[in-house]
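**Q** Before anything else, here's the structure in question.
In the working numbering, the protein residues as written are 77 to 253.
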């Protein structure tokens, strides 16, 4: 068997245009139990995190009253009006006046569009960002300004809004995982 890699921007139609089109047989980094795929046993777990400058106040919870006055960056998932879990958690608390959205997928004509939200914390454009943990960790360590990464709490907000996810690899539903 020969190993080959297929690179495709993760946006609407990603699974249809790669795995289901036969361009690849495996997609790493998928949420466990994603309905459109058969998934493997999870191989890691991660959460959303708060990203702040190291010498800024340490934000650890969506219930922190200081969030009402801070400029907060949140990841935007798509153009269909679906909010990320952190955006929903902040909205439930009425913390919407100072939110700034950063597309996860962004403009791929610019380098590293997912880094934009972490860059904004480092530059002082925003005070805090709520970012998917692996993206935050990767881009924060590349900054010239020391940043702090803190897992969000609560880990599950309300009855059905998790901030922590098991991550698997996905294959076509008719394939063995």
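Note that beta-carbon positions come from the ideal geometry of N, C-alpha and C, so glycine has one too.
Roughly how many angstroms separate the alpha carbons of residue 181 and residue 105, rounded to a whole number?
**A** Using only the alpha carbons, I get a separation of about 15 Å.
**Q** Applying the 10 Å Cβ sphere with the 16-neighbour rule, what's the burial state of residue 71?
**A** Nothing about residue 71 can be read from this structure; the chain reaches only from 77 to 253.
**Q** Could you name each continuous alpha helix (DSSP H) segment of 4 residues or more that falls completely within the segment 164-215, going from the start of the chain to the end?
**A** 192-199
**Q** Which of helix, strand or coil does DSSP assign to residue 90?
**A** helix
**Q** Between the alpha carbons of residue 244 and residue 148, how many angstroms are there, rounded?
**A** 30 Å
**Q** State the start and end residues of the unbroken beta strand (DSSP E) segment that holds residue 245.
**A** Per DSSP, residue 245 is one residue of the beta strand (DSSP E) stretching across 240-247.
**Q** Taking only three categories from DSSP, how would you classify residue 143?
**A** Reduced to three states, the DSSP call for residue 143 is helix.
**Q** Pick helix, strand or coil for residue 118, following the three-state DSSP scheme.
**A** In the structure shown, residue 118 sits in coil (DSSP, three-state: anything other than H, G, I, E or B).
**Q** Going straight from the alpha carbon of residue 189 to that of residue 251, what length do you get?
**A** 33 Å
**Q** Determine the contact status of residue 228 and residue 141, defining contact as a CB-CB distance below 8 Å.
**A** With respect to the 8 Å criterion, residue 228 and residue 141 are not classified as neighbours on the basis of their beta carbons.
**Q** Would you decide whether residue 172 is buried or exposed? Buried here means 16 or more other CB atoms lie within 10 Å of its CB.
**A** exposed
**Q** In the DSSP assignment, find the beta strand (DSSP E) that holds residue 82 and state where it starts and stops.
**A** Neither: residue 82 is in no beta strand (DSSP E) and is coded neither H nor E.
**Q** Less than 8 Å between the C-beta atoms of residue 226 and residue 82, yes or no?
**A** no
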